[in-house]
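For the sequence shown, the tail end lands on 179 under our numbering, and the numbers increase by one without skipping. Using N, Cα and C, we set each Cβ at its ideal position, and we do this for glycine too. Worksheet for the structure shown next.
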Amino acid sequence: MTVYLSETAFLSIVLSSIEAYKKECYGLILGYRTDKLWRIEYAIPYQTADRGHKTVTPHGLRDRRVRACLAQLSCFEQLGTFHSHPAWGSLRAVAKPSTEDIQSLMPGDLDLIVAVNDARHPRRFRHAENGRTLTGNVSDFALTMATFYKPPMGDEQVRRTLIRCPYAVGFEPDVMLK
Ligand SMILES: [Zn+2]
C-alpha cells in the first residue's frame with residue numbers, strides 16, 4: 002500500500018509540526034483511497050488539541066464537531082489522523098507509533114507520524130528506508146514522516162505503508178533558506 006501526500010497536505014503537516022515544536026501537534030487527514038493507493042489531499046491541524054511533549058489529545062466534543070462539519074463541507078474521505086513526535090530532552094524523536102498510538106488508532110484508519118528533531122544543515126527531502134519514510138530538513142528542523150495503517154477487522158497491529166510526496170522531493174531547501 003502506498004500513501005501519496007499532496008503539496009497542500011505536506012505544507013500543513015510540516016508547518017503545524019514545526020509551530021508546535023517541542024510539543025506535539027494533531028489533526029485530521031482527508032483524501033481518497035483505493036485498495037493499493039491512499040492519497041492525502043488535505044491535513045487539518047486541530048487548534049484546541051491538548052498538546053504535551055510526549056502526548057497530544059483532541060477534545061472529544063470538538064473532534065466530533067469538526068468531523069461532522071467536514072462530512073458536509075467536503076466529499077473527500079476522512080482517512081485518519083496525523084500527529085508529531087518532537088524531540089524532548091536528550092530523546093531523539095522517531096516516526097514510529099507508541100503503544101498508545103496503536104491502541105487509539107481507529108480500525109481502518111491511517112496514522113501519519115512526523116518526527117521533528119533539531120537540524121544543523123539543510124538537507125533535501127527524499128524517500129528513505131526503501132520508500133517507508135519521507136525525510137528532509139527545513140531551516141533548523143529535521144523531519145521524518147511515516148504512515149501506519151490499522152486493518153479494519155481482527156488485527157490489533159498496524160502495518161507500515163510506503164509514503165510518496167513528489168512535491169517535497171522536488172524542491173531545494175537551500176533555495177528556501179536564502
Ligand atoms: Zn505518537
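Compute the beta-carbon to beta-carbon distance between residue i and residue j, rounded to the nearest angstrom, for a pair I have assumed lies under 8 Å.
{"i": "Phe-77", "j": "Leu-29", "result": "Phe-77 to Leu-29, Cβ: 10 Å. No contact."}
Confirm, please, whether the CB-CB distance from residue j to residue i is below 8 Å.
{"i": "Ala-72", "j": "Ile-41", "result": "no"}
{"i": "Lys-151", "j": "Gly-109", "result": "yes"}
{"i": "Lys-23", "j": "Pro-87", "result": "yes"}
{"i": "Phe-142", "j": "Val-159", "result": "no"}
{"i": "Ala-147", "j": "Arg-133", "result": "yes"}
{"i": "Ile-170", "j": "Arg-127", "result": "With the sequence shown as reference, residue 170 is identified as Val, and Ile is not the correct amino acid for it. Against a cut-off of 8 Å, the Cβ pair of Arg-127 and Val-170 comes out as a contact."}
{"i": "Pro-46", "j": "Ser-7", "result": "no"}
{"i": "Gly-81", "j": "Leu-62", "result": "no"}
{"i": "Met-2", "j": "Thr-100", "result": "no"}
Starting from the Cα of residue i, find the closest Cα among the options and give me that residue.
{"i": "Ala-129", "options": "His-54, Ala-96, Ile-14, Pro-153", "result": "Ala-96"}
{"i": "Val-115", "options": "Leu-135, Thr-56, Ser-75", "result": "Leu-135"}
{"i": "Asp-102", "options": "Ser-7, Glu-20, Thr-162, Thr-56", "result": "Thr-56"}
{"i": "Glu-157", "options": "Phe-149, Cys-70, Ser-7", "result": "Phe-149"}
{"i": "Pro-59", "options": "Cys-26, Leu-80, Arg-127, Leu-12", "result": "Cys-26"}
{"i": "Tyr-5", "options": "Leu-106, Arg-93, Met-154, Tyr-43", "result": "Tyr-43"}
{"i": "His-84", "options": "Val-67, Asp-51, Leu-74", "result": "Asp-51"}
{"i": "Ile-164", "options": "Met-154, Ile-19, Ser-13, Lys-37", "result": "Lys-37"}
Whole beta strand (DSSP E) runs in the stretch 42-87 with 3 or more residues, listed along the chain?
78-87
Runs of beta strand (DSSP E) wholly within the stretch 97-126 (minimum 3 residues, chain order):
111-119
What are the start and end residues of each continuous beta strand (DSSP E) run of 3 or more residues lying completely inside the stretch 123-150, in chain order?
124-129, 134-139, 142-150
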